[in-house]
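J.:
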Amino acid sequence: MIGIYKITSPGGRIYIGQSVNIDNRISSYKNLKCKNQTKLYRSLLKYTFENHNFEIIEQCNIEILNERERYWQDFYNSSSKKGLNCRLTKSNDKVGLLSNETKIKIGQGNKGKKVSLESRGKMSIAKLKMTEETKAKLRNKKLTQEHKQKLSLLKKGKKIKEETRLKLLQNNGKSKKVICTETLRIYNSANQCAIENNIKHKTLCNQLSGISKNKTTFKYV
Numbered sequence: 011m012i013g014i015y016k017i018t019s020p021g022g023r024i025y026i027g028q029s030v031n032i033d034n035r036i037s038s039y040k041n042l043k044c045k046n047q048t049k050l051y052r053s054l055l056k057y058t059f060e061n062h063n064f065e066i067i068e069q070c071n072i073e074i075l076n077e078r079e080r081y082w083q084d085f086y087n088s089s090s091k092k093g094l095n096c097r098l099t100k101s102n103d104k105v106g107l108l109s110n111e112t113k114i115k116i117g118q119g120n121k122g123k124k125v126s127l128e129s130r131g132k133m134s135i136a137k138l139k140m141t142e143e144t145k146a147k148l149r150n151k152k153l154t155q156e157h158k159q160k161l162s163l164l165k166k167g168k169k170i171k172e173e174t175r176l177k178l179l180q181n182n183g184k185s186k187k188v189i190c191t192e193t194l195r196i197y198n199s200a201n202q203c204a205i206e207n208n209i210k211h212k213t214l215c216n217q218l219s220g221i222s223k224n225k226t227t228f229k230y231v
């Protein structure tokens, strides 16, 4: 069964999720295979799945799963303190958002961390490699028409590498959806999947494309 489900904890906290196979999803929760959904995982660990109320609130086509999941997340305010969603799902008309609780925890985790000399060096090198156009954009300054013409002349005659051309072609196309084979969660793009699961975008794309060995539970739909 494909659709949207609602999990309510003994304390009344709500989680809204989606699945293309709800029976498999229930099995995953019973076996606590949801560590990346930290708030829900802690609740299941504390009370067990059997003490949570599981409801299928809507059946729908796979194409609108994200849209409908986001609708019910907003309806129940499931990313609030009284909810169990760590973030709101990104849909066609709404961006994905972290819950305030998750933002606070990330902020607390980063407090006191010092940037190593190696990292500072890399950032400095990266800054040196920026084009003047990029630097100006970062400084929110507009380039003069004369400067734009100079940059255009500098770019003329440069050949685009085949690898770069392929990447540009790929980026111009529609983003491929990604599915987690363990939880059957579908992401609109590899970028969304990487952000929500704290994986480097380039690393994930290489694994999904077969450039490097796929050590994740994700694959293109």
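Residue numbers (our numbering): 11 to 231. Don't be surprised by glycine CBs; every beta carbon is placed ideally from N, CA and C.
1) How would you label Ser29, buried or exposed, when you count the other beta carbons within 10 angstroms and need 16 or more for buried?
2) Among Ser37, Glu60, Ile26 and Ile205, whose alpha-carbon lies nearest the alpha-carbon of Lys49?
3) Given Cys190, which residues of its chain have a CB within under 6 Å of its CB, disregarding the five upstream and five downstream residues?
4) Rounded to whole angstroms, how far is the Cβ of Asn208 from the Cβ of Gln217, which I believe are closer than 8 Å?
5) Can you find the residues in the same chain that come closer than 8 Å, C-beta to C-beta, to Thr99, ignoring five residues on each side of it along the sequence?
6) Since Lys56 is in the beta strand (DSSP E), which residue starts that stretch and which ends it?
7) What are the start and end residues of the beta strand (DSSP E) that includes Glu73?
8) Between the C-alpha atoms of Ile2 and Ser219, what's the straight-line distance to the nearest angstrom?
9) Look at the Cβ atom of Asn63, then the Cβ atom of Ile12, and state whether they are nearer than 9 Å.
10) Excluding five sequence neighbours on each side, which residues of the same chain lie with their C-beta closer than 7 Å to the C-beta of Leu194?
11) Using the three-state DSSP reduction, which class does Ser29 fall into: helix, strand or coil?
12) Beta-carbon within less than 7 Å of His211's beta-carbon, same chain only, minus the 5 sequence neighbours each way: which residues are those?
13) DSSP three-state label for Lys104, please.
14) May I have the straight-line CA-CA distance separating Lys187 from Tyr57, to the nearest angstrom?
15) Put Cys215 into one of helix, strand or coil per three-state DSSP.
16) On the DSSP bridge assignment, give the partners of Lys16 in chain order.
T.: Taking the coordinates as given:
1) buried
2) Ile26
3) Taking C-beta separations shorter than 6 Å and ignoring five residues to either side along the sequence, the partners of Cys190 in its chain run Thr227 and Phe228, following chain order.
4) Actually they do not touch by this definition, with Cβ atoms about 15 Å apart.
5) By the criterion of a C-beta distance shorter than 8 Å, Thr99 is surrounded in its chain by Gln28, Asn76, Glu79, Arg80, Gln83 and Gly106, once the five residues flanking it on both sides are discounted.
6) Run containing Lys56: none in the beta strand (DSSP E); it sits in the alpha helix (DSSP H), Thr48 to Tyr57.
7) No beta strand (DSSP E) contains Glu73, which DSSP labels as neither H nor E.
8) Not covered by the structure: residue 2. The range shown for the chain is 11 to 231.
9) no
10) Ser29, Val30, Asn31, Asn34 and Arg35
11) If DSSP states are grouped into helix, strand and coil, Ser29 belongs with the strands.
12) Ala200, Asn201 and Ala204
13) Caution is warranted here: a pLDDT of 45 is assigned to Lys104, below 50, making its placement in the model unreliable, and the coordinate value is therefore given only provisionally. Looking at Lys104 - three-state DSSP - the assignment turns out to be coil, as it is neither helix nor strand.
14) For Lys187 and Tyr57, the distance between alpha carbons rounds to 34 Å.
15) helix
16) Beta-bridge pairing links Lys16 to Ile26 and Glu65.
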